[in-house]
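Student:
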Amino acid sequence: MYKIPLNSQGWKKERPVVVILSGAGLSAESGIPTYRDPQSNWKTTNAFDAEEAKRNPQLFLRETNERIREWKDAKPNAAHSAIADFTRRLRDRASILHITQNIDALSEDAGDTSVFHLHGSILKSRCQHCGAHFPRLAPYSLEDVCPACGKSDGAVRPDIVLFGDVPYGMDWIPGVIRQADIFIAVGTSLLVYPAAWFVVEAMEHGCLDRILITKDLPDELFTDPGHIDLDEADSLFEYTKFFRGSAARILPQVLEGIAWEIESR
Ligand code: NAD
Numbered sequence: 011m012y013k014i015p016l017n018s019q020g021w022k023k024e025r026p027v028v029v030i031l032s033g034a035g036l037s038a039e040s041g042i043p044t045y046r047d048p049q050s051n052w053k054t055t056n057a058f059d060a061e062e063a064k065r066n067p068q069l070f071l072r073e074t075n076e077r078i079r080e081w082k083d084a085k086p087n088a089a090h091s092a093i094a095d096f097t098r099r100l101r102d103r104a105s106i107l108h109i110t111q112n113i114d115a116l117s118e119d120a121g122d123t124s125v126f127h128l129h130g131s132i133l134k135s136r137c138q139h140c141g142a143h144f145p146r147l148a149p150y151s152l153e154d155v156c157p158a159c160g161k162s163d164g165a166v167r168p169d170i171v172l173f174g175d176v177p178y179g180m181d182w183i184p185g186v187i188r189q190a191d192i193f194i195a196v197g198t199s200l201l202v203y204p205a206a207w208f209v210v211e212a213m214e215h216g217c218l219d220r221i222l223i224t225k226d227l228p229d230e231l232f233t234d235p236g237h238i239d240l241d242e243a244d245s246l247f248e249y250t251k252f253f254r255g256s257a258a259r260i261l262p263q264v265l266e267g268i269a270w271e272i273e274s275r
C-alpha cells in the first residue's frame, strides 16, 4: 500500500468526491495496445475520424469489427479490478466517478460500477437515424437493421465517439470535476481533449489531492502549445503526485492507501 497523506481538511464536503480518469494505458497490460503504442494500428487508419467515417462507413465498420476480434480474449488486469474493489469498498464513504476514455469493456468485466465511457463503448450500438442505443450488433455490416426504427443501409453503427465527435457526458461531467476532492489520472497521455482539460479544471477548482500514474508523458505535452498551457503544466506537475510506471502494479497500491485514509478519518 502507498500511504498518501490526503488534504482532508480542504475537502469540500464531508463525503469526498473521487474522480478517476483513465486512458488506454489502463488496458495496456490486458494486451490492448494504447493509441500511441508503436504496435497499435490506430494511427495507421483514419477510419475513426468522424468525417472519414461518413465518407467511408464500410472502412469504419470493418476496422471496428477488427478491434472487437482482436480484443475478444482480453481480460481485466489488476488496475481494472482495483477500481472495482475501491468503488465497492467505499460505497458508503465517498462519491466515486470513473471516467474512461477507453471503448473496451474491461472495466465492466471487472465489475466496476462507477465507470462512465466518455468515448462510448464497443458494447453498444447506436442508430444514426432515430438515435436509439442498444446492445452491440457485431460483426457490424451496412445491412444491419435498427431494432427501434427498422432503418438499415448504414443506419446502425458502433456507439463510439470518433475524432471530431463530441464526447458523451459533457453536460454534467465538468460539474462533477469541479467538486472533486481527489483526482486520479491513470494511463492517459493527457494529449486528448477534453480529458486533459479535466485535470486542469479540477486543479483550478481547488482539488488538492491529484495523482497521476502513467508509464510516460509524451514530449509534445511540454513543447506543443496546442496542449496544456505551460504555466498550468508547471503548477500541475509541481503539486501533483506523479507515479511513473505500470498501472496494474501502482494503481492497486495507491487506491489501497486512499481507501485506508478515507476509512480512518
Ligand atoms: P494514449 O495512447 O494517448 O496514452 C496512453 C498513456 O498510457 C501513455 O501516457 C502511456 O505512457 C501510458 N501507459 C502505457 N502503458 C501503460 C501501463 N501499463 N501503465 C500505465 N500507463 C501506461 O491514450 P489516451 O490518453 O487514452 O488517448 C487515446 C485515445 O485512443 C482515447 O481517446 C481512447 O479512447 C482511444 N483508445 C482506446 C483504447 C481502449 O479502449 N483500450 C485503446 C487505444 C486507444
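The opening position of the sequence shown corresponds to residue 11 in the working numbering, with each subsequent residue numbered one higher. Beta carbons: idealized from backbone N, C-alpha and C, even for Gly.
In whole angstroms, what is the alpha-carbon distance linking ALA104 and VAL29?
Tutor: Stepping through the sequence shown from its first residue, residue 104 is reached at position 94. Stepping through the sequence shown from its first residue, residue 29 is reached at position 19. Straight-line Cα distance between these residues: approximately 10 Å.
Student: Is the Cβ-Cβ distance between LEU218 and GLY20 less than 8 Å?
Tutor: If you number the sequence shown from 1, residue 218 lands on position 208. If you number the sequence shown from 1, residue 20 lands on position 10. Yes, Cβ-Cβ distance for LEU218 and GLY20 is below 8 Å.
Student: Ignore the nearest five residues each way along the sequence and tell me which others in SER50's own chain have a CB closer than 8 Å to its CB.
Tutor: Here the question's residue 50 lines up with position 40 in the sequence shown. Excluding the 5 residues flanking it on each side, SER50 has same chain C-beta neighbours closer than 8 Å at PRO43, THR44, in chain order.
Student: Measuring only the C-alpha atoms, how far is ALA205 from LEU31?
Tutor: The residue given as residue 205 occupies position 195 in the sequence shown. The residue given as residue 31 occupies position 21 in the sequence shown. Looking at the two C-alpha atoms, the distance is approximately 8 Å.
Student: Taking 7 Å as the cut-off, is the CB of GLU80 close to at least one heavy atom of the ligand NAD?
Tutor: In the sequence shown, residue 80 corresponds to position 70, counting from 1. No.
Student: DSSP three-state label for HIS127, please.
Tutor: On the sequence shown, position 117 is the one that residue 127 refers to. In this structure, HIS127 counts as strand in the three-state DSSP scheme.
Student: When you compare only the Cα positions, how much space is there between ASN87 and LYS225?
Tutor: Sequence index remark: in the sequence shown, residue 87 carries index 77 (1-based). Sequence index remark: in the sequence shown, residue 225 carries index 215 (1-based). Rounded to whole angstroms, the gap between the alpha carbons of ASN87 and LYS225 is 16 Å.
Student: Confirm the yes/no value for this check: CB of LYS134, any heavy atom of the ligand NAD, distance under 7 Å.
Tutor: Counting from one through the sequence shown, the residue named residue 134 turns up at place 124. No - the ligand NAD has no heavy atom lying nearer than 7 Å to the Cβ of LYS134.
Student: Taking the alpha-carbon positions, what's the ASP175 to ALA60 distance?
Tutor: Locating residue 175 in the sequence shown gives position 165, where the first residue counts as 1. Locating residue 60 in the sequence shown gives position 50, where the first residue counts as 1. Cα to Cα, ASP175 sits roughly 6 Å from ALA60.
Student: Quick check on GLY130: buried or exposed, where buried means 16 or more other Cβ atoms within 10 Å of its Cβ?
Tutor: Numbered from its first residue, the sequence shown carries residue 130 at position 120. Buried: at least 16 other Cβ atoms inside 10 Å.
Student: Given a threshold of 16 other Cβ atoms within 10 Å of its Cβ, counted over all protein chains shown, does GLU73 qualify as buried or as exposed?
Tutor: Along the sequence shown, one-based indexing puts residue 73 at 63. By the neighbour-count rule (16 or more Cβ atoms within 10 Å), GLU73 is buried.
Student: Could you name the residues of the same chain whose beta carbon sits closer than 6 Å to that of LEU116, not counting the 5 residues immediately before and after it, in chain order?
Tutor: By 1-based counting over the sequence shown, the position of residue 116 is 106. SER37, SER40, PRO86, HIS90.
Student: Going by DSSP in three states, LEU36 sits in which element: helix, strand or coil?
Tutor: In the sequence shown, the residue the question calls residue 36 occupies position 26. Residue state, collapsed to three classes: helix.
Student: Please report the residue range of the alpha helix (DSSP H) in which ARG220 lies.
Tutor: The residue labelled residue 220 in the question sits at position 210 within the sequence shown. Here ARG220 belongs to no alpha helix (DSSP H); instead the beta strand (DSSP E) covers 219–224.
Student: For ALA148, is the beta carbon positioned less than 7 Å from some heavy atom of the ligand NAD?
Tutor: In the sequence shown, the residue the question calls residue 148 occupies position 138. Not so, every heavy atom of the ligand NAD lies at least 7 Å from the Cβ.
Student: From the DSSP output, which residues share a beta bridge with ASP191?
Tutor: As a first step, residue 191 is located in the sequence shown; it is residue number 181 there, counting from the start. Partner(s): none; ASP191 has no beta bridge.
Student: For ILE42, name the three-state secondary structure that DSSP assigns.
Tutor: In the sequence shown, counting from the first residue as 1, residue 42 sits at position 32. DSSP places ILE42 in coil when its eight states are reduced to three.
Student: Please report the Cβ distance between ALA257 and GLY121, rounded to the nearest whole angstrom; I am assuming they are in contact, meaning their Cβ atoms lie under 8 Å.
Tutor: The count along the sequence shown starts at 1 and reaches residue 257 at position 247. The count along the sequence shown starts at 1 and reaches residue 121 at position 111. No, ALA257 and GLY121 are not in contact; Cβ-Cβ is about 17 Å, not under 8 Å.
Student: Am I right that LEU152 and SER135 are in contact with their C-beta atoms under 8 Å? What's the rounded C-beta distance?
Tutor: The count along the sequence shown starts at 1 and reaches residue 152 at position 142. The count along the sequence shown starts at 1 and reaches residue 135 at position 125. Their Cβ separation, rounded to whole angstroms, is 13 Å, which puts LEU152 and SER135 out of contact at 8 Å.
Student: Could you spell out where the alpha helix (DSSP H) holding PHE208 opens and where it closes?
Tutor: The sequence position of residue 208 within the sequence shown is 198, counting from 1. Taken as a continuous stretch (DSSP letters only), the alpha helix (DSSP H) holding PHE208 covers 205–214.
Student: Alpha carbon to alpha carbon, how far is ALA57 from ILE109? Give it in angstroms, no decimals.
Tutor: Along the sequence shown, read from residue 1 onward, the residue named residue 109 stands at position 99. Along the sequence shown, read from residue 1 onward, the residue named residue 57 stands at position 47. Cα-Cα distance, rounded: 24 Å.
Student: For TYR178 versus LEU133, is the C-beta spacing smaller than 8 Å?
Tutor: Position 168 of the sequence shown, counted from the first residue, corresponds to residue 178. Position 123 of the sequence shown, counted from the first residue, corresponds to residue 133. Cβ distance not < 8 Å, so TYR178 and LEU133 don't count as in contact.
Student: Is it right to say TYR203 is buried, meaning 16 or more other beta carbons lie within 10 angstroms of its own, or is it exposed?
Tutor: The residue you call residue 203 lines up with position 193 of the sequence shown. TYR203 should be labelled exposed.
Student: Within the same chain, show all residues whose beta-carbon is closer than 6 Å to that of ALA94, passing over the 5 residues directly before and after it, in chain order.
Tutor: Walking along the sequence shown from the start, residue 94 turns up at place 84. Counting only Cβ-Cβ distances below 6 Å, and skipping sequence neighbours, we find ALA120, GLY121, ASP122.
Student: Look up ASP59 in the DSSP assignment and say whether it is helix, strand or coil.
Tutor: On the sequence shown, position 49 is the one that residue 59 refers to. Strand, per DSSP.
Student: For the stretch 176–196 against the stretch 255–272, are there 3 or more C-beta pairs whose distance is under 8 Å?
Tutor: The answer is yes - the stretch 255–272 touches the stretch 176–196, with three or more Cβ pairs under 8 Å.
Student: Thinking C-alpha only, which one of VAL209, PHE70, PRO168, LEU227 is nearest GLY141?
Tutor: Translated into positions along the sequence shown, residue 141 becomes position 131. Minimum Cα distance to GLY141 is reached at PRO168.
Student: Give a single yes or no on whether ARG46 has its beta carbon closer than 7 Å to a heavy atom of the ligand NAD.
Tutor: Along the sequence shown, one-based indexing puts residue 46 at 36. At least one heavy atom of the ligand NAD is nearer than 7 Å to the Cβ of ARG46, so yes.
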